[in-house]
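**Student:**
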Amino acid sequence: MDEAGRAEREAGGAAGAGIEGGGLTAEVLQKRLARFAAARDWGQYHTPKNLAAALSVEASELLEIFQWLTPEQAAAVMDDPESAFRVRDEVADVLAYTLQLCEVLGVDALEALAAKIERNERRFPAGPYPLDR
25 MDEAGRAERE
35 AGGAAGAGIE
45 GGGLTAEVLQ
55 KRLARFAAAR
65 DWGQYHTPKN
75 LAAALSVEAS
85 ELLEIFQWLT
95 PEQAAAVMDD
105 PESAFRVRDE
115 VADVLAYTLQ
125 LCEVLGVDAL
135 EALAAKIERN
145 ERRFPAGPYP
155 LDR
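Its first residue numbered 25, the sequence shown is counted upward by one per residue in the working numbering.
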């Protein structure tokens, strides 16, 4: 791991992430990712199929961290700095590919999530469930 990566891990966050004045939104990050890809001429590779596949791979890498842990170990994974760094890194990858996929498809990620939550609230009203008994 290089010096910048070590500093980021030790700080427990995103060193140099450009987070200033609370202007961090999904749209800001989505546009930043689009500029990053465009500057490297990666647009040709950022097809919906490729981005969906990459998202699946990154989600699998997140799952791999927890694969053989007991429920107790999984609940404590963020207590270990190295494991916590890996979790944050994979969550960031999953979110990055999700936002890039939304950019390519013209999906407003937050609107889509809000609509899904509303559908789930109607579909699964609050109340006793078999596991609650």
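For every residue, glycine included, the Cβ atom is placed at its ideal position computed from N, Cα and C.
Is the beta carbon of L93 less than 8 angstroms from the beta carbon of T122?
**Tutor:** The count along the sequence shown starts at 1 and reaches residue 93 at position 69. The count along the sequence shown starts at 1 and reaches residue 122 at position 98. Going by C-beta atoms, L93 is not nearer than 8 angstroms to T122.
**Student:** Can you give the Cα-Cα distance for F109 and Q91, rounded to whole angstroms?
**Tutor:** As a first step, residue 109 is located in the sequence shown; it is residue number 85 there, counting from the start. As a first step, residue 91 is located in the sequence shown; it is residue number 67 there, counting from the start. F109 and Q91: Cα-Cα distance of roughly 17 angstroms.
**Student:** Pull up the CB-CB distance for V101 and V111, whole angstroms please, since I reckon it's below 8 angstroms.
**Tutor:** Taking the first residue of the sequence shown as position 1, residue 101 is located at position 77. Taking the first residue of the sequence shown as position 1, residue 111 is located at position 87. That pair is a contact at about 6 angstroms.
**Student:** According to the neighbour-count rule (16 or more other Cβ atoms, all chains shown, within 10 Å of its Cβ), is A150 buried or exposed?
**Tutor:** The residue labelled residue 150 in the question sits at position 126 within the sequence shown. Answer is exposed; the Cβ neighbour count stays below 16.
**Student:** For R143, count neighbouring Cβ atoms within 10 angstroms of its own Cβ and tell me buried if that reaches 16, exposed if not.
**Tutor:** The residue given as residue 143 occupies position 119 in the sequence shown. R143 should be labelled exposed.
**Student:** Rounding to the nearest angstrom, what Cα-Cα distance links N74 and D132 in this structure?
**Tutor:** For the purposes of this step, residue 74 is taken as residue 50 along the sequence shown, with counting starting at 1. For the purposes of this step, residue 132 is taken as residue 108 along the sequence shown, with counting starting at 1. Using only the alpha carbons, I get a separation of about 19 angstroms.
**Student:** Quick one, which of F148, A139, V128 has its alpha-carbon nearest A76's?
**Tutor:** As a position in the sequence shown, residue 76 is number 52, starting the count at 1. When each option's Cα is compared against that of A76, the closest is V128.
**Student:** What is the rounded straight-line gap between the Cα of E135 and the Cα of R147?
**Tutor:** As a first step, residue 135 must be located in the sequence shown, where it is residue number 111. As a first step, residue 147 must be located in the sequence shown, where it is residue number 123. Using only the alpha carbons, I get a separation of about 18 angstroms.
**Student:** Do the CB positions of I89 and E114 come within less than 8 angstroms of each other?
**Tutor:** Along the sequence shown, one-based indexing puts residue 89 at 65. Along the sequence shown, one-based indexing puts residue 114 at 90. Cβ atoms of I89 and E114: closer than 8 angstroms.
**Student:** Which value, in whole angstroms, describes the spacing of the CA atoms of P95 and A138?
**Tutor:** Here residue 95 is taken as the residue at index 71 of the sequence shown, counted from 1. Here residue 138 is taken as the residue at index 114 of the sequence shown, counted from 1. Taking the straight line joining both Cα atoms gives about 29 angstroms.
**Student:** Let me make sure I understand the geometry here. Which of A61, Q124, Y69 has the alpha-carbon closest to that of A50?
**Tutor:** By 1-based counting over the sequence shown, the position of residue 50 is 26. For the residues A61, Q124, Y69, the minimum Cα distance to A50 belongs to Q124.
**Student:** From G47 to A61, what distance separates their C-alpha atoms?
**Tutor:** In the sequence shown, residue 47 corresponds to position 23, counting from 1. In the sequence shown, residue 61 corresponds to position 37, counting from 1. Rounded to the nearest angstrom, the two C-alpha atoms are 21 angstroms apart.
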